[in-house]
Amino acid sequence: MTTADSAEMTGADTALKVRNLNAYYGAFRALKDVSFDIPRNKVTALIGPSGCGKSTLLRCFNRMNELIPGARIEGEVLFNDENVYHPAIDPTEVRYRIGMVFQKPNPFPKSIYDNVAFGLRINGYRGDYDEAVERSLRGAALWDEVKDRLHESGFALSGGQQQRLCIARALAVEPEIILMDEPASALDPIATLEIESLMRELIRDYTVVVVTHNMQQAARVSDKTAFLNMDEDRAGYLVETGDTHQIFTNPADERTEAYITGRFG
47 MTTADSAEMT
57 GADTALKVRN
67 LNAYYGAFRA
77 LKDVSFDIPR
87 NKVTALIGPS
97 GCGKSTLLRC
107 FNRMNELIPG
117 ARIEGEVLFN
127 DENVYHPAID
137 PTEVRYRIGM
147 VFQKPNPFPK
157 SIYDNVAFGL
167 RINGYRGDYD
177 EAVERSLRGA
187 ALWDEVKDRL
197 HESGFALSGG
207 QQQRLCIARA
217 LAVEPEIILM
227 DEPASALDPI
237 ATLEIESLMR
247 ELIRDYTVVV
257 VTHNMQQAAR
267 VSDKTAFLNM
277 DEDRAGYLVE
287 TGDTHQIFTN
297 PADERTEAYI
307 TGRFG
């Protein structure tokens, strides 16, 4: 599926629409004219060589780049057909609806229970906290492992469990989209497979977008893949996007084939 093809997806099929997106850090242009659609209830993988702007692109989706001094965005990211960069849109609300899990597990220095409940509390949640915490931990495939340890520190968990705790924390505020920036890169192979399996389970209820340097991981877990490259000025741009099987077996662009086969990158 080319960029033009993706524009034909219906609104019901599309979680995010990226249109003419440019990202800058001061005078440096990190992303150049990126346009494509991200399908709903699928795993979309962002791949490409180091420095091509994958993580920058991911952070553009929920306005996390605004937290970086000197960062500036041009273009549109349409979520439920509204541009998240419209001046009337509250970036905090965007980050609740589009949650994020980072490369290294980053539990708060709190109990397992309080880690999951944190976002609910600061958002003024008025429901049943016990139910919400259990639901979120079940959603992150962690409940059975921690149900008798809820008041222990999140730091007492293994690395893989900590990452799933962070996923549960993101799920607690009931987002529609979950962004994952190399969520398994700091984990051992067993914990990595657990995170990959969880990604496949999550798309029953959520849309997942994952940045990964691991080609095998992208091929295993994603339904769609977007390949980014960079120009001589190091500005990242989208080469092609399509079904993962097609991208890895019959890419439309020779640059994609060269990257996937290890001839560069």
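Residue numbering for the sequence shown follows the numbering used here, beginning at 47 and increasing consecutively. Positions of the beta carbon are idealized from the N, C-alpha and C atoms, including for glycine.
Per the Cβ contact rule, the stretch 214-222 is in contact with the stretch 178-188 (3 or more Cβ pairs under 8 Å).
Of the residues 157, 175 and 167, the one whose Cα lies closest to the Cα of residue 194 is 157.
Within the stretch 183-236, the complete alpha helix (DSSP H) segments of 4 residues or longer fall at 189-192 and 205-218, listed in chain order.
When the Cα atoms are used, residue 83 and residue 233 turn out to be separated by approximately 30 Å. When only Cα atoms are considered, residue 295 and residue 142 end up about 36 Å apart.
For the pair residue 224 and residue 165, the CB atoms are not nearer than the 7 Å cut-off.
In this structure, the beta-carbon distance from residue 91 to residue 268 falls below 7 Å. Put simply, of 255, 173, 247 and 208 the residue whose alpha carbon is nearest the alpha carbon of residue 228 is 255. Its Cα nearest to that of residue 305, the residue 275 stands out among 206, 275 and 115.
Under DSSP, residue 92 shares a beta bridge with 257 and 272. A direct Cα-Cα distance of roughly 12 Å separates residue 172 from residue 163.
Rounded to the nearest whole angstrom, the CA to CA distance from residue 137 to residue 101 is 18 Å.
Secondary structure at residue 303: helix, using DSSP grouped into helix, strand and coil.
A direct Cα-Cα distance of roughly 22 Å separates residue 282 from residue 147.
In this structure the stretch 113-128 lies against the stretch 69-85, because at least three pairs of beta carbons, one per stretch, are closer than 8 Å. According to the DSSP assignment, residue 150 belongs to no beta strand (DSSP E), since it is labelled neither H nor E. Counting other Cβ atoms within 10 Å of its Cβ, residue 279 stays below 16 and is therefore classed as exposed.
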